[in-house]
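Q:
Numbering (the numbering used here), first residue to last: 81 to 165.
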């Protein structure tokens, strides 16, 4: 399905890591978000994180420099579920 060898898949399963190109291929082939594959983030968690990051950037431009809230930080979010099918 992905056009990679069984040895490559065995390496992924053994925890030897997946490179960016392979992650992109997996995400596209399975209609899955990269954020879910990498961190288990749900679409809602990704949206909250990006909104907080945009808010921080706007604050930095205005000299306010606000940090994202704990709820939106990837280190503080729970494991998400894959949406879709």
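In this text, a Cβ means the ideal position worked out from N, Cα and C, and glycines have one as well.
1) Would residue 115 count as contacting chain D if we go by Cβ distances under 8 Å?
2) CA-CA distance, residue 134 and residue 124?
3) Compute the Euclidean distance between the alpha carbons of residue 242 and residue 131, then round it to the nearest angstrom.
4) For residue 115, collect the residues of the same chain with a Cβ closer than 7 Å to its Cβ; drop the 5 residues on either side in sequence, then sort them by chain order.
5) Distance, Cα to Cα, residue 164 vs residue 89?
A: In this structure, then:
1) No chain D is part of this structure, which consists of one protein chain only.
2) Our two residues, residue 134 and residue 124, have alpha carbons roughly 15 Å apart in a direct line.
3) Residue numbering for the chain in the displayed model covers 81 to 165; residue 242 lies beyond these limits and cannot be assessed.
4) 121, 126
5) The predicted model places residue 164 with a pLDDT of 49, which falls under 50 and marks its position as unreliable; any figure quoted below should be read in that light. Taking the straight line joining both Cα atoms gives about 24 Å.
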